[in-house]
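> Mind having a look at this structure? Questions to follow.
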Amino acid sequence: MAVTKLVVNEGIATLTIDRQSKLNALNEEVLDELESHFLEIKNSTEVRVIIVTGAGAKSFVAGADINQFPSMTPEDALTFSERGQHVFSLIEASTKPVIAAINGFALGGGCELAMACHLRYASENAMFGQPEVKLGVIAGYGGTQRLPRIVGVGRALELLLSAKMVDAKEAQNIGLVNDVFPQDALLEKVNKIARLLMAQGPQAQAFTLKAVYAGADKSMEDSLAIEARAFQDVFDTTDRIEGSTAFLERRKPEFKNQ
Ligand code: COA
């Protein structure tokens, strides 16, 4: 039986991780399904925005499945880490906006999955943390790298070294989530944000995502060069003609994603 569910509705793909008996913990099956869904979405002309969420009212994803750990050798651990990193990097590299709708626990690999998404919105009951050190291991699906980039080294180390959990409000205060909504309104609010994103130029969003992520680790000089090149490339699209023409004609743009 599938452990994820993909529903596409009016351009919005909602991908739900559903292993509720294990609080949606990530095992190989979940990673395989996430990968194949994202590869499918990448080539879809219908999908414009992706929402990633967890099934049930308690958990987004409570981490990697800890049952895999006891028998794992150091060699297995390398494969394990690289596999998760690969799938999450595929998500981050999406040229269509990806939103995490964090409906509960986002721990370990769950927090790392949310951080690989471009935008993060949480329900009031959500809890965040990187509790790996409690298990005598470290974050291995990008947590030691994405968390400091999102919240800064000091706050990242606080979470990574102490295993402490923070609630949704605190996560918003430190910049880990964009906004917090009542639990029963989360998906409705996130769908509204998805529709707002869908009204913008898709090519422009794709170039924005590429420029932001490609420039993030570079010097200011190099990253500004990346931006200038992306700005040049976006002027090679017909959408940019439609966008400015529609503004001047006082009408809504009709982007063709070209
Ligand atoms: N891997 C495997 N199973 C997990 C899991 C994980 N990361 N997180 C939760 N589960 C399982 C539990 O073992 C339990 O299974 P069982 O009913 O077969 O015993 C089920 O999910 C429910 O979890 P439970 O611990 O009973 O719920 P709780 O409400 O008491 O506690 C948490 C919730 C999230 C605080 C707790 O489950 C937890 O600490 N999970 C591990 C978080 C973690 O360390 N993640 C990083 C992994 S690297």
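Under our numbering, the sequence shown is numbered contiguously, ending at residue 900.
Glycine included, each C-beta is placed from N, C-alpha and C at the ideal position.
1. For methionine 862, name the three-state secondary structure that DSSP assigns.
2. Pick helix, strand or coil for leucine 668, following the three-state DSSP scheme.
3. Span of the beta strand (DSSP E) holding serine 701?
4. Looking only at its chain, what residues have a beta carbon closer than 6 Å to the beta carbon of alanine 798, apart from the 5 residues adjacent to it on each side?
5. Could you tell me whether any non-hydrogen atom of the ligand COA is closer than 7 Å to the CB of glutamate 754?
6. Nearer than 7 Å: is that true of the beta carbon of lysine 806 relative to any heavy atom of the ligand COA?
7. Taking DSSP's pairing of strands, which residues face aspartate 809 in a bridge?
8. Indicate the three-state DSSP secondary structure (helix, strand or coil) for isoleucine 692 in the structure shown.
9. Excluding sequence positions up to five away, which residues of its chain have a Cβ less than 6 Å from the Cβ of alanine 758?
10. If valine 808 sits next to glycine 751, beta carbons under 8 Å apart, how far is it from one beta carbon to the other, in whole angstroms?
11. Please report the straight-line C-alpha distance between glycine 911 and glycine 785, rounded to a whole angstrom.
12. Look at the alpha carbon of glutamine 787 and the alpha carbon of glycine 771, and state the distance between them as a whole number of angstroms.
13. At the level of alpha carbons, what is the spacing between proline 716 and lysine 831?
Answer, in terms of the structure:
1. If DSSP states are grouped into helix, strand and coil, methionine 862 belongs with the helices.
2. strand
3. 701-703 is the extent of the beta strand (DSSP E) around serine 701.
4. Leu789 and Pro790
5. no
6. Distances between the C-beta of lysine 806 and the heavy atoms of the ligand COA are all 7 Å or more.
7. Met769
8. strand
9. Spatial neighbours of alanine 758 in its own chain (CB-CB distance under 6 Å, excluding positions within 5 residues in sequence) are listed in chain order as Phe730, Ile733 and Glu734.
10. Not a contact, Cβ separation roughly 17 Å.
11. The chain is shown from 643 up to 900; residue 911 falls before or after that span and cannot be answered.
12. 14 Å
13. 43 Å
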